[in-house]
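Chemist: The structure that follows is given in the form of structure tokens.
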Amino acid sequence: MAQQKQIEREIIESQNNVSSRLDFSTLEREYAQDEVFLQKVQDLKRRYVCMRRTRGDGNCFYRAFGFAYLETLLADKVEFNRFREVAAKSKDDLVALGFPQFTIEDFHDTFMEVIDKVGGQCPLEDLLGIFNDQGYSDYLVVYLRLLVSGHLQKETDFFSNFVEGERTVKEFCNQDVEPMGKESDHIHIIALTSAVGVTVRVEYMDRGDSGTNTQHDFPEGSEPMVTLLYRPGHYDILYKW
Numbered sequence: 000m001a002q003q004k005q006i007e008r009e010i011i012e013s014q015n016n017v018s019s020r021l022d023f024s025t026l027e028r029e030y031a032q033d034e035v036f037l038q039k040v041q042d043l044k045r046r047y048v049c050m051r052r053t054r055g056d057g058n059c060f061y062r063a064f065g066f067a068y069l070e071t072l073l074a075d076k077v078e079f080n081r082f083r084e085v086a087a088k089s090k091d092d093l094v095a096l097g098f099p100q101f102t103i104e105d106f107h108d109t110f111m112e113v114i115d116k117v118g119g120q121c122p123l124e125d126l127l128g129i130f131n132d133q134g135y136s137d138y139l140v141v142y143l144r145l146l147v148s149g150h151l152q153k154e155t156d157f158f159s160n161f162v163e164g165e166r167t168v169k170e171f172c173n174q175d176v177e178p179m180g181k182e183s184d185h186i187h188i189i190a191l192t193s194a195v196g197v198t199v200r201v202e203y204m205d206r207g208d209s210g211t212n213t214q215h216d217f218p219e220g221s222e223p224m225v226t227l228l229y230r231p232g233h234y235d236i237l238y239k240w
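The opening residue of the sequence shown carries number 0 in numbering that gives the first Met the number 0; numbering runs sequentially from there.
Quick look at the structure:
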């Protein structure tokens, strides 16, 4: 068992945080012996042209969201300006919620540095390089996790209804949001999309027998800026063009 876990860890560590664009043959090979998931891959191929894979290290939602959204900002100056204002103000918002400034300042500075590279129209290859630089990439993930934690705590009355295990929202954030490697669920997606005003569609690939994937938009009824693929325990990025 220990040897198997070591092999799995080595496989994960050998992957890039975010891959180049790939066609869906990568999923077809992975599910060659799985008829249910093969049907779901065919459904994706009818509606999307390609994907990017992310490293399965428990931070995949944040890396997938972060890269996919910043990629869109390279071609959308209006949305970039809106988001930069939100991001610049976010540190003060977190401090006002009780987060210690000296703890979050370095993460916020790195977050803004990367955002400003995007604003300067950095090449897409440079953005991919940033997300595959472990130091930069982890700082971005940490800050996105802090934004989720901050929003959950700001809206404690609402989110307390969704926290299981008789924990407070703050306890949930300390245990399941802020630590690196903790996987994300609906509550994290709702909080992040609300905190930064970015709409997301998630295509859920599961073992349902419909032959199609289930779509969920955050918030409901919105036009998605970013589309992610969710397979049990993992998020990747999807592209329509």
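Where a beta carbon is used, it is the ideal one built from N, C-alpha and C, also for glycine. From a predicted model like this one, the values you see are computed outputs, not experimental measurements.
Pairs of beta-carbons, one from the stretch 158 to 165 and one from the stretch 94 to 114, closer than 8 angstroms: are there three or more?
Modeler: no
Chemist: If we ignore side chains and look at the alpha-carbon of each, how far apart do residue 77 and residue 122 end up?
Modeler: Numbered from its first residue, the sequence shown carries residue 77 at position 78. Numbered from its first residue, the sequence shown carries residue 122 at position 123. The straight-line gap from Cα to Cα measures roughly 19 angstroms.
Chemist: Considering only the alpha carbon of each residue, which of 113, 94 and 148 lies closest to residue 132?
Modeler: As a working note, residue 132 is residue 133 in the sequence shown. Checking every option, the nearest Cα to that of residue 132 belongs to 113.
Chemist: Relative to the alpha-carbon of residue 141, which residue among 175, 85, 82 and 52 has its alpha-carbon at the smallest distance?
Modeler: What you label residue 141 is simply residue 142 of the sequence shown in a count that begins at 1. Ranking the options by Cα distance to residue 141, first place goes to 175.
Chemist: In this structure, does DSSP put residue 194 in helix, strand or coil?
Modeler: Taking the sequence shown and counting its residues from 1, one reaches residue 194 at position 195. Three-state result, residue 194: helix.
Chemist: Determine, using beta carbons only, whether residue 180 and residue 65 come nearer to each other than 7 angstroms.
Modeler: Locating residue 180 in the sequence shown gives position 181, counting from the first residue. Locating residue 65 in the sequence shown gives position 66, counting from the first residue. Taking 7 angstroms as the Cβ cut-off, residue 180 and residue 65 do not qualify as a contacting pair.
Chemist: Please classify residue 221: is it buried, with 16 or more other beta-carbons within 10 angstroms of its beta-carbon, or exposed?
Modeler: As a first step, residue 221 is located in the sequence shown; it is residue number 222 there, counting from the start. By the 10 Å Cβ count, residue 221 comes out exposed.
Chemist: Would you mind stating whether residue 18 and residue 52 have Cβ atoms separated by less than 7 angstroms?
Modeler: Translated into the one-based positions of the sequence shown, residue 18 becomes position 19. Translated into the one-based positions of the sequence shown, residue 52 becomes position 53. Yes.
Chemist: The beta strand (DSSP E) that contains residue 200, what's its start and end?
Modeler: Taking the first residue of the sequence shown as position 1, residue 200 is located at position 201. In the DSSP assignment, residue 200 falls within the beta strand (DSSP E) that extends over 199 to 203.
Chemist: Quick test of your reading: residue 228 and residue 204, contact by CB under 8 angstroms. State the CB separation rounded to the nearest angstrom.
Modeler: Counted from its first residue, the sequence shown places residue 228 at position 229. Counted from its first residue, the sequence shown places residue 204 at position 205. That pair is a contact at about 6 angstroms.
Chemist: Determine the burial state of residue 3: buried for a count of at least 16 other Cβ atoms within 10 Å of its Cβ, exposed for fewer.
Modeler: Within the sequence shown, the letter at position 4 stands for residue 3. Bear in mind that the predicted position of residue 3 carries a pLDDT of just 49, short of 50, making it too unreliable to give a figure here.
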